[in-house]
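In what follows, a single structure is set out as structure tokens and then discussed.
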Amino acid sequence: MYSIRFEKISIILLTTYFVAGYTIEVKEVRKIVLGESIVPAVIVLSGVIYLSVKDIKEKGPSLSIVNILPFHLYIVSSILVLSAVNLNSHRPAYSITRLILSLTVLSVSVQFFWQVLQTIKRSENEIGDILTNGLIALIVVLIVGEILIPRWGAGVGGIRMSGGSNPNKVAFMGLFSVFWGHYSALRQGKWKTRSFALCTLGVVVIAWSLSRSVILSLIMLYVFYYVIIGLSYVSWLINGILKKGFLKTICVMIMIIIIPTVFYPTTKGYVDTLQKIQGIEQRLSSEGLRSRVRAWEDLWPHFINAPLTGQAGWWNSTNLNSLKGGSLTADSPHNLYVRLLSEVGLLGLLTILAFPAASFVCTLYALITQKCWKKKFKIYAFIISSTTSLFFVSQMFEDKYLVGIGGVGSGIVTFVVTCSFVELYINK
Numbered sequence: 243m244y245s246i247r248f249e250k251i252s253i254i255l256l257t258t259y260f261v262a263g264y265t266i267e268v269k270e271v272r273k274i275v276l277g278e279s280i281v282p283a284v285i286v287l288s289g290v291i292y293l294s295v296k297d298i299k300e301k302g303p304s305l306s307i308v309n310i311l312p313f314h315l316y317i318v319s320s321i322l323v324l325s326a327v328n329l330n331s332h333r334p335a336y337s338i339t340r341l342i343l344s345l346t347v348l349s350v351s352v353q354f355f356w357q358v359l360q361t362i363k364r365s366e367n368e369i370g371d372i373l374t375n376g377l378i379a380l381i382v383v384l385i386v387g388e389i390l391i392p393r394w395g396a397g398v399g400g401i402r403m404s405g406g407s408n409p410n411k412v413a414f415m416g417l418f419s420v421f422w423g424h425y426s427a428l429r430q431g432k433w434k435t436r437s438f439a440l441c442t443l444g445v446v447v448i449a450w451s452l453s454r455s456v457i458l459s460l461i462m463l464y465v466f467y468y469v470i471i472g473l474s475y476v477s478w479l480i481n482g483i484l485k486k487g488f489l490k491t492i493c494v495m496i497m498i499i500i501i502p503t504v505f506y507p508t509t510k511g512y513v514d515t516l517q518k519i520q521g522i523e524q525r526l527s528s529e530g531l532r533s534r535v536r537a538w539e540d541l542w543p544h545f546i547n548a549p550l551t552g553q554a555g556w557w558n559s560t561n562l563n564s565l566k567g568g569s570l571t572a573d574s575p576h577n578l579y580v581r582l583l584s585e586v587g588l589l590g591l592l593t594i595l596a597f598p599a600a601s602f603v604c605t606l607y608a609l610i611t612q613k614c615w616k617k618k619f620k621i622y623a624f625i626i627s628s629t630t631s632l633f634f635v636s637q638m639f640e641d642k643y644l645v646g647i648g649g650v651g652s653g654i655v656t657f658v659v660t661c662s663f664v665e666l667y668i669n670k
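For the sequence shown, position 221 matches number 463 in our numbering, and the numbering has no gaps at all.
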């Protein structure tokens with residue numbers, strides 16, 4: 243009897259998480275699946291249990307919880323800090339209960355991603371192609387469905403792709419497909435046809451969705467990436483003139499200074515640009531920029547009244563928007579930072595940002611100091627660019643991190659951040 247190997251089972255679980263996690267967001271599926279919101283969390287929990295049991299049986303220390311003990315200590319510390327912060331919220335018991343659930347799901351998700359990614363990297367076979375194939379199949383089905391099912395069209399005239407859910411969700415899945423296709427190519431050291439196809443399909447989905455936040459995230463991802471790569475080529479060119487380590491440091495510092503100056507418009511220019519595209523966006527979407535601004539305005543006083551702790555409380559901002567805003571206000575803030583500041587204040591914001599910030603700082607340090615200059619440098623450059631884009635850029639316009647019970651949107655952000663720690667750990 244044919245037996246699927248442990249490595250394949252782990253990547254099949256990961257593929258199921260992302261493919262099934264998006265599939266349950268399709269409106270037709272949500273009508274027939276009971277408890278659809280907990281499906282991603284159930285898959286993650288099942289995966290952790292399976293991988294941990296297998297790990298214990300095989301006595302494989304590389305996959306054990308001990309290796310990410312600092313992260314789990316961070317989770318415990320975050321629960322304590324944020325629980326204290328939520329004592330000042332409108333509904334302390336409601337918020338603290340949901341806070342513990344959110345961070346538990348985050349802990350289990352990182353453990354699952356950590357174990358699977360290490361299995362992929364340590365395997366002699368390219369088992370990561372299973373996820374690539376799964377994402378290709380998912381996107382092809384969504385594109386065919388968009389063509390054949392008229393009600394899937396979004397915006398005036400149905401010209402925006404919704405993928406059966408909404409344009410922003412399908413675009414975010416497209417962005418993840420671009421990430422995984424390119425990351426797989428860098429990790430394998432070559433562009434395979436399936437990786438290129440996945441990236442191409444992801445770009446098609448993003449363009450068709452007309453999601454401005456995801457389009458901006460994609461642009462900034464590759465702006466960051468190619469600026470870093472460009473600076474590395476300059477370093478190689480004049481490597482015989484200056485010491486490599488010194489030059490690496492200078493190049494990275496120049497990147498940090500130049501990128502915000504060149505590619506980020508001034509606040510006034512940014513607002514003017516948003517106002518100009520607002521009319522276009524409102525023709526293409528039922529939820530324009532103005533509805534989101536109203537949601538921000540409703541939540542902002544909860545931060546102003548208590549800057550350190552906020553007043554809205556964890557998971558309560560959406561409820562407040564629904565109660566106060568009405569039909570003209572977005573049903574969620576669509577901005578991670580506005581949500582966190584209103585719900586848990588500055589203390590909560592800094593606590594939540596500590597995890598992705600640690601990823602950014604550690605990867606940046608690796609960029610400056612790592613000795614494997616070419617292949618590994620490109621992987622680090624892509625990881626840090628992806629983390630910056632998906633977390634620090636995208637979440638200015640979307641609110642996908644630690645929302646709900648381990649949804650696939652939050653899972654994508656968590657997965658990318660986890661990739662950086664796996665790359666750093668494996669390289670030790």
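Backbone N, C-alpha and C fix where the C-beta goes; we use that ideal spot for every residue, glycine too.
Take Leu484 and list the residues in its own chain whose beta-carbon comes closer than 7 Å to its own, dropping the five residues that flank it on each side. By 1-based counting over the sequence shown, the position of residue 484 is 242. Note on Leu484: pLDDT 48, under 50, position unreliable in the model; no value is reported.
Return yes when the Cβ of Tyr643 is within less than 8 Å of the Cβ of Val655, no when it is not. On the sequence shown, position 413 is the one that residue 655 refers to. On the sequence shown, position 401 is the one that residue 643 refers to. Result yes, Cβ atoms of Val655 and Tyr643 sit closer than 8 Å.
Report the three-state DSSP secondary structure of Lys510 (helix, strand or coil). Translated into positions along the sequence shown, residue 510 becomes position 268. Residue confidence is low: Lys510 scores 46 on pLDDT, short of 50, so the model does not pin down where it sits. Its coordinate-derived value is still stated next. When secondary structure is reduced to three states using DSSP, Lys510 falls in the helix class.
Among residues of its own chain, excluding the 5 on either side of Thr258, which ones have a beta-carbon nearer than 7 Å to its beta-carbon? Here residue 258 refers to the residue found at position 16 of the sequence shown. Cβ within range, chain order: Ile285.
Taking Ile266 as part of the alpha helix (DSSP H), name the residues at either end of that continuous run. On the sequence shown, position 24 is the one that residue 266 refers to. It is not in any alpha helix (DSSP H) - Ile266 carries neither H nor E in the DSSP assignment.
Can you list, in chain order, the residues of its chain whose CB lies under 6 Å from that of Ser344, leaving out five sequence neighbours each side? Position 102 of the sequence shown holds residue 344. Once the five neighbours on either side are set aside, the close Cβ partners of Ser344 are Leu644.
When Leu377, Ala600 and Arg340 are compared against Tyr316, the one with the closest alpha-carbon: Residue 316 sits at position 74 when you count from the first residue of the sequence shown. Here the closest residue by C-alpha is Ala600.
Let me know the secondary structure DSSP gives Ala554 once reduced to three states. If you number the sequence shown from 1, residue 554 lands on position 312. Assigned with DSSP and collapsed to three states, Ala554 falls in coil, not helix or strand.
Just how far apart, CA to CA, sit Thr515 and Arg402? The residue you call residue 515 lines up with position 273 of the sequence shown. The residue you call residue 402 lines up with position 160 of the sequence shown. Low local confidence applies: a pLDDT of 49 at Thr515 is under 50, so the model's placement there is unreliable, with the coordinate-based value given in what follows. Cα to Cα, Thr515 sits roughly 21 Å from Arg402.
When the Cβ atoms of the segment 628-643 are set against those of the segment 327-339, are three or more pairs found closer than 8 Å? No, they do not touch.
The alpha helix (DSSP H) that contains Pro392, what's its start and end? Stepping through the sequence shown from its first residue, residue 392 is reached at position 150. The continuous stretches of alpha helix (DSSP H) do not include Pro392, and DSSP gives it neither H nor E.
Lys620 and Leu428 look like a contact to me (Cβ under 8 Å); what is the Cβ gap, rounded to whole Å? For the purposes of this step, residue 620 is taken as residue 378 along the sequence shown, with counting starting at 1. For the purposes of this step, residue 428 is taken as residue 186 along the sequence shown, with counting starting at 1. Going by Cβ atoms, the distance from Lys620 to Leu428 rounds to 5 Å, so yes, they are a contact pair.
Measuring CB to CB, does Val664 end up less than 8 Å from Lys363? Here residue 664 corresponds to residue number 422 of the sequence shown, with the count starting at 1. Here residue 363 corresponds to residue number 121 of the sequence shown, with the count starting at 1. In this structure, the beta-carbon distance from Val664 to Lys363 falls below 8 Å.
In chain order, each alpha helix (DSSP H) run of at least 4 residues that lies wholly inside the segment 391-455: Runs of the alpha helix (DSSP H) lying entirely within the segment 391-455 and spanning at least 4 residues, in chain order: 409-430 and 435-451.
List the endpoints of the continuous alpha helix (DSSP H) containing Thr630. Here the question's residue 630 lines up with position 388 in the sequence shown. Careful: Thr630 lies outside any alpha helix (DSSP H) and carries neither H nor E.
So Ser419 and Gly395 are supposed to be a Cβ contact under 8 Å. How far apart are they, rounded? Reading the sequence shown from its first residue, position 177 is the one you call residue 419. Reading the sequence shown from its first residue, position 153 is the one you call residue 395. Beta-carbon to beta-carbon, Ser419 and Gly395 are separated by about 21 Å, too far to satisfy the 8 Å threshold.
Lys618 in three-state terms, based on DSSP: Numbered from its first residue, the sequence shown carries residue 618 at position 376. Secondary structure of Lys618 (DSSP, three-state): helix.
Count the other CB atoms, across all protein chains shown, that sit within 10 Å of the CB of Thr611; report buried if there are 16 or more and exposed otherwise. Position 369 of the sequence shown, counted from the start, is the residue given in the question as residue 611. Exposed, because fewer than 16 other Cβ atoms sit within 10 Å of the Cβ of Thr611.
Distance, Cα to Cα, Gln517 vs Val535? Counting from one through the sequence shown, the residue named residue 517 turns up at place 275. Counting from one through the sequence shown, the residue named residue 535 turns up at place 293. In this predicted model, Gln517 has a pLDDT of only 47, less than 50, meaning its place in the structure is not dependable; the value taken from the coordinates is given anyway. If you take the alpha carbons of Gln517 and Val535, they lie about 12 Å apart.
The segment 368-376 touching the segment 253-267, judged by at least three CB pairs closer than 8 Å: Touching, yes, given that three or more Cβ pairs across the two stretches are closer than 8 Å.
Beta-carbon proximity check, Val658 vs Thr630, cutoff 8 Å: Along the sequence shown, read from residue 1 onward, the residue named residue 658 stands at position 416. Along the sequence shown, read from residue 1 onward, the residue named residue 630 stands at position 388. Not a contact, by the Cβ cut-off of 8 Å.
DSSP-derived helix/strand/coil call for His576: Taking the sequence shown and counting its residues from 1, one reaches residue 576 at position 334. Three-state result, His576: coil.
Since Ser407 and Glu267 should fall inside the 8 Å C-beta cutoff, what is the C-beta to C-beta distance between them, to a whole number of angstroms? On the sequence shown, position 165 is the one that residue 407 refers to. On the sequence shown, position 25 is the one that residue 267 refers to. Ser407 to Glu267, Cβ: 4 Å. Contact.
Distance, Gln357 Cα to Leu255 Cα: Working through the sequence shown from its first residue, we reach residue 255 at position 13. Working through the sequence shown from its first residue, we reach residue 357 at position 115. Rounded to the nearest angstrom, the two C-alpha atoms are 11 Å apart.
Where Ser331 falls: helix, strand or coil (DSSP): The residue you call residue 331 lines up with position 89 of the sequence shown. DSSP places Ser331 in coil when its eight states are reduced to three.
Buried or exposed: Gly400, going by 16 or more other Cβ atoms within 10 Å of its Cβ? Here residue 400 refers to the residue found at position 158 when the sequence shown is read from its first residue. Classification of Gly400: exposed, given that the 10 Å Cβ count is below 16.
Figure out for me which residue from Arg581, Ile274, Ser319 and Val447 has the closest Cα to the Cα of Gly411. Taking the sequence shown and counting its residues from 1, one reaches residue 411 at position 169. Per the sequence presented here, residue 411 reads as Lys, with Gly not at that position. Distances from the CA of Lys411 to each of Arg581, Ile274, Ser319 and Val447 were compared; the closest alpha carbon is that of Val447.
With DSSP as the reference, label Asp641 as helix, strand or coil. Here the question's residue 641 lines up with position 399 in the sequence shown. Three-state DSSP puts Asp641 in coil, outside helix and strand.
From Tyr622 to Ile274, what does the alpha carbon distance come to, in whole angstroms? Residue mapping note: residue 622 aligns to position 380 of the sequence shown, counting from 1. Residue mapping note: residue 274 aligns to position 32 of the sequence shown, counting from 1. Computed Cα separation, rounded: 42 Å.
Under three-state DSSP, which class holds Val275? The sequence position of residue 275 within the sequence shown is 33, counting from 1. Assignment of Val275 by DSSP, reduced to helix, strand and coil, places it in the coil class.
Whole-number beta carbon distance between Val327 and Val586, since they are thought to touch under 8 Å: Translated into positions along the sequence shown, residue 586 becomes position 344. Translated into positions along the sequence shown, residue 327 becomes position 85. Yes, they are in contact, since the Cβ atoms of Val586 and Val327 sit about 5 Å apart, within 8 Å.
Any 3 or more C-beta pairs closer than 8 Å across the segment 433-443 and the segment 589-607: Taking 8 Å as the limit for Cβ pairs, the verdict is that the segment 589-607 does not touch the segment 433-443.
Local Cβ density within 10 Å of Gly431, reported as buried at 16 or more and exposed below that: To locate residue 431, count along the sequence shown from 1; it is residue 189. Result: exposed.
Measuring only the C-alpha atoms, how far is Trp422 from Ile280? As a working note, residue 422 is residue 180 in the sequence shown. As a working note, residue 280 is residue 38 in the sequence shown. One alpha carbon belongs to Trp422, the other to Ile280, and they sit about 24 Å apart.
Using the beta-carbon count (16 or more within 10 Å), is Gly653 buried or exposed? Locating residue 653 in the sequence shown gives position 411, counting from the first residue. Looking at its Cβ environment, which holds 16 or more other Cβ atoms inside 10 Å, Gly653 is buried.
Just verifying my parser: in three-state terms, what is the DSSP assignment at Ala379? On the sequence shown, position 137 is the one that residue 379 refers to. Three-state DSSP puts Ala379 in a helix.
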